[in-house]
Ligand code: UD1
């Protein structure tokens with residue numbers, strides 16, 4: 030299994046190209062199930078999760094082909110030949126659940142293994158299932174599989190989510206696009222990735238009002254057609270490299286980054302002492318003077334994203350003073366804490382909150398990556414630390430970060446991948 034070795038202490042300086050958003054690309058790929066015509070997606074990141082989704086779609090009968098040599102434009106098309114999403118693929122990636130709504134809406138049937146994904150809590154899918162039931166689907170759970178079916182078409186309904194789940198919003202939105210009549214989805218998530226999906230569905234002929242708000246009204250149509258859609262830049266990759274620049278006391282241009290998608294991340298980092306300046310082609314990030322502790326609580330967008338919590342904690346580990354970091358989205362998402370403490374951080378966890386007391390320096394150590402965002406947080410810690418850090422078990426990293434070691438090395442980091 031690969032590991033990544035970092036010799037820390039070098040300020041980053043240079044340019045980093047921000048890729049297309051993984052969490053937009055995955056639901057957009059499943060939107061390919063909604064039409065018999067060709068859907069072309071541009072600015073697709075090259076990640077293990079994208080390949081996993083392509084394999085899943087292929088076994089449903091949807092071919093995913095490269096349109097350009099760089100692999101960043103994908104064409105999706107084909108007839109649905111199989112409605113089963115098998116355990117072997119779904120266990121690798123929780124976003125596989127997003128085939129459920131499209132398959133059901135398009136062909137009236139789906140059998141999807143209950144998902145796995147990152148080990149960051151129980152992560153049920155009850156909101157997806159309840160919403161689809163309200164639209165007339167019959168749901169049976171059997172042998173670890175969700176079996177969903179509907180006589181004829183799904184029916185429009187008014188569905189109020191008790192919690193603004195990103196995945197449930199996406200699944201129900203895609204199902205509603207092809208349902209009979211009007212669907213109102215209330216208290217939905219409004220992450221930029223959901224807006225991106227809604228924009229693409231509209232380009233495919235869907236009728237959706239309220240895009241970008243917590244209430245979506247969808248008038249179902251008989252069929253969707255093909256379209257070409259460009260995926261938004263990855264706001265979590267942006268935030269991660271902004272933390273990297275600040276942690277090392279460097280100055281980095283994040284090319285293609287969008288400040289307006291950062292929500293509370295931009296506000297919090299600025300308050301902590303990170304300068305972020307919007308430029309014509311992205312964002313310039315540098316540390317102004319010292320960093321100081323600022324409390325955060327993870328929340329649905331536009332609040333502080335749970336996917337930035339681990340990286341932010343590393344930033345706070347080298348800031349002056351203390352910061353309280355509260356995780357409200359996932360239980361069990363502090364698995365990076367013991368590893369950071371082995372590198373000299375001073376973090377105490379009390380239930381869903383962690384107190385991070387800043388230290389003057391971290392020190393390199395061998396550490397173990399546990400989930401996607403935890404993995405990258407250990408890389409950030411390694412960049413800031415004195416001496417050598419080896420991050421083991423980095424396969425999670427490859428699910429969500431493209432060419433991380435190349436991007437950082439190009440800005441002067443001493444980092445390399447060790448393959449075994
Ligand atoms: C998506 C993101 C993930 C991010 C998360 C929260 C993708 C591919 N993944 O995951 O990176 O961390 O949003 O911003 O976009 N929940 C239920 N029942 C449900 C659905 C969710 O209880 O039916 C709970 C989950 O257990 C969790 C919380 O709601 O505690 C948030 O989940 P959700 O917003 O659905 O996240 P995902 O779509 O899985």
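Numbering (the working numbering), first residue to last: 30 to 449.
Every residue, glycine too, gets a C-beta built ideally from N, C-alpha and C.
inquiry  = According to DSSP, residue 68 sits in a beta bridge with which residue or residues?
reply    = Looking up residue 68 in the chain shown gives position 39. Answer is 105, 256, bridged to residue 68.
query = DSSP puts residue 211 in a beta bridge; with which residues?
reply = Taking the first residue of the chain shown as 1, we reach residue 211 at position 182. Note: residue 211 sits in a beta bridge opposite 248.
key: Assigned exposure category for residue 430 - 16 Cβ within 10 Å defines buried   = Your numbering for residue 430 matches position 401 in the chain shown. So residue 430 counts as buried.
ask   = Between residue 150 and the rest of its own chain, which residues show a CB-CB distance below 8 Å, the 5 nearest in sequence each way excluded?
value = In the chain shown, the residue the question calls residue 150 occupies position 121. Note that residue 150 has pLDDT 48, beneath the 50 cutoff, so the model's placement of it is unreliable and the number below is only indicative. Hits under 8 Å: 359, 360, 361, 362.
query = Who are the near neighbours of residue 339 in its chain, counting only those whose CB is closer than 7 Å to its CB and skipping five residues on each side?
reply = Start at 1 with the first residue of the chain shown, and residue 339 comes out as number 310. Closer than 7 Å at Cβ, skipping near neighbours: 365, 402, 403, 406.
query = Going along the chain, which residues of its own chain have a beta-carbon closer than 6 Å to the beta-carbon of residue 40, five neighbours each way excluded?
reply = Position 11 of the chain shown, counted from the first residue, corresponds to residue 40. Once the five neighbours on either side are set aside, the close Cβ partners of residue 40 are 277, 278, 279.
inquiry  = Does the distance between the C-beta of residue 289 and the nearest non-hydrogen atom of the ligand UD1 fall short of 7 Å?
reply    = Walking along the chain shown from the start, residue 289 turns up at place 260. Checking every heavy atom of the ligand UD1 against the Cβ of residue 289, none is found closer than 7 Å.
task = Whole angstroms is fine: what's the gap from residue 128's alpha carbon to residue 330's?
result = As a first step, residue 128 must be located in the chain shown, where it is residue number 99. As a first step, residue 330 must be located in the chain shown, where it is residue number 301. So the two alpha carbons sit approximately 23 Å from each other.
query = Is residue 221 near the ligand UD1, in the sense that its beta carbon is under 7 Å from a heavy atom of that ligand?
reply = The sequence position of residue 221 within the chain shown is 192, counting from 1. Flag unset: Cβ of residue 221 not near the ligand UD1.
query = Fully enclosed by the region 399-435, which beta strand (DSSP E) runs are 3 residues long or longer?
reply = 417-421
ask   = Based on the DSSP secondary-structure assignment, which residues constitute the bridge partners of residue 395?
value = In the chain shown, residue 395 corresponds to position 366, counting from 1. The partner list for residue 395 (beta bridge, DSSP) reads 419.
task = Check residue 46 in the structure and name its three-state DSSP category.
result = Translated into the one-based positions of the chain shown, residue 46 becomes position 17. The answer is strand: DSSP assigns residue 46 an E or B state.
query = By Cβ distance below 7 Å, which residues in the same chain neighbour residue 286 in space, the five residues on each side in sequence not counted?
reply = To locate residue 286, count along the chain shown from 1; it is residue 257. Answer for residue 286: 47, 262, 267, 311, 312, listed in chain order.
inquiry  = According to DSSP, residue 95 sits in a beta bridge with which residue or residues?
reply    = In the chain shown, residue 95 corresponds to position 66, counting from 1. According to DSSP, residue 95 bridges with 103.
ask   = Which word fits residue 201, buried or exposed, when buried means at least 16 other C-beta atoms lie within 10 angstroms of its C-beta?
value = Here residue 201 refers to the residue found at position 172 when the chain shown is read from its first residue. Buried, since its Cβ has 16 or more Cβ neighbours within 10 Å.
ask   = Would residue 164 be called buried (16 or more neighbouring beta carbons within 10 Å of its own) or exposed?
value = The count along the chain shown starts at 1 and reaches residue 164 at position 135. So residue 164 ends up on the buried side.
inquiry  = Within 8 Å, do at least three Cβ pairs link the region 286-299 to the region 246-254?
reply    = no
query = Between which two residues does the beta strand (DSSP E) carrying residue 20 extend?
reply = A query on residue 20 cannot be resolved here, the shown segment of the chain reaching from 30 to 449 and no further.
query = With respect to 7 Å, is the separation between the Cβ of residue 131 and the closest non-hydrogen atom of the ligand UD1 below this value?
reply = Taking the first residue of the chain shown as 1, we reach residue 131 at position 102. No heavy atom of the ligand UD1 is found nearer than 7 Å to the CB of residue 131.
query = If we ignore side chains and look at the alpha-carbon of each, how far apart do residue 148 and residue 122 end up?
reply = The residue you call residue 148 lines up with position 119 of the chain shown. The residue you call residue 122 lines up with position 93 of the chain shown. Only weak support exists for where residue 148 lies, its pLDDT of 47 falling under 50; the value from the coordinates is given anyway. Approximately 11 Å, taken between the alpha carbons.
request  = Measure the alpha-carbon distance for residue 166 versus residue 105 and round it to whole angstroms.
outcome  = Here residue 166 corresponds to residue number 137 of the chain shown, with the count starting at 1. Here residue 105 corresponds to residue number 76 of the chain shown, with the count starting at 1. Between residue 166 and residue 105, the C-alpha separation is close to 26 Å.
request  = For residue 300, count neighbouring Cβ atoms within 10 angstroms of its own Cβ and tell me buried if that reaches 16, exposed if not.
outcome  = Walking along the chain shown from the start, residue 300 turns up at place 271. Exposed is the call here.
request  = Would you check if the distance between the CB atom of residue 440 and the CB atom of residue 35 is smaller than 8 Å?
outcome  = Numbered from its first residue, the chain shown carries residue 440 at position 411. Numbered from its first residue, the chain shown carries residue 35 at position 6. No. Outside cutoff.
key: Per-residue DSSP class, three states only, for residue 169   = Looking up residue 169 in the chain shown gives position 140. Residue 169 falls in the strand class under three-state DSSP.
task = Would you mind stating whether residue 225 and residue 265 have Cβ atoms separated by less than 8 Å?
result = The residue you call residue 225 lines up with position 196 of the chain shown. The residue you call residue 265 lines up with position 236 of the chain shown. Contact: no.
task = Report the three-state DSSP secondary structure of residue 150 (helix, strand or coil).
result = The sequence position of residue 150 within the chain shown is 121, counting from 1. Here residue 150 scores only 48 on pLDDT, less than 50, and its place in the model should not be relied on; the value that follows carries that caveat. In the structure shown, residue 150 sits in coil (DSSP, three-state: anything other than H, G, I, E or B).
query = Cα separation between residue 229 and residue 372?
reply = Translated into positions along the chain shown, residue 229 becomes position 200. Translated into positions along the chain shown, residue 372 becomes position 343. Their Cα atoms are separated by approximately 44 Å.
query = For residue 427, which residues from the same chain have a beta carbon less than 6 Å from its beta carbon, with the 5 sequence-adjacent residues on both sides left out?
reply = As a first step, residue 427 must be located in the chain shown, where it is residue number 398. The answer, listed in chain order, is 77.
inquiry  = Closer than 8 Å is the cut-off here; do at least three beta carbon pairs connect the region 227-246 with the region 169-183?
reply    = Output reads no: the region 169-183 does not touch the region 227-246.
ask   = From residue 84 to residue 54, what distance separates their C-alpha atoms?
value = Working through the chain shown from its first residue, we reach residue 84 at position 55. Working through the chain shown from its first residue, we reach residue 54 at position 25. So the two alpha carbons sit approximately 14 Å from each other.
inquiry  = DSSP three-state label for residue 237, please.
reply    = Within the chain shown, numbered from 1, the residue matching residue 237 stands at position 208. Residue 237 falls in the strand class under three-state DSSP.
query = Where does residue 31 fall in DSSP's three states?
reply = The residue labelled residue 31 in the question sits at position 2 within the chain shown. Reduced to three states, the DSSP call for residue 31 is coil.
message = By alpha-carbon positions, which one of 38, 31, 51, 60 ends up nearest to residue 257?
response = Mapped onto the chain shown, residue 257 falls at position 228. That would be 60, whose Cα lies nearest to the Cα of residue 257.
task = Check whether the Cβ atoms of residue 387 and residue 346 sit closer than 8 Å, and answer yes or no.
result = Start at 1 with the first residue of the chain shown, and residue 387 comes out as number 358. Start at 1 with the first residue of the chain shown, and residue 346 comes out as number 317. Yes, Cβ-Cβ distance for residue 387 and residue 346 is below 8 Å.
message = I believe residue 274 touches residue 219 by the beta-carbon criterion, under 8 Å. Please report the beta-carbon distance rounded to the nearest angstrom.
response = The residue given as residue 274 occupies position 245 in the chain shown. The residue given as residue 219 occupies position 190 in the chain shown. The Cβ separation is near 28 Å, so there is no contact.
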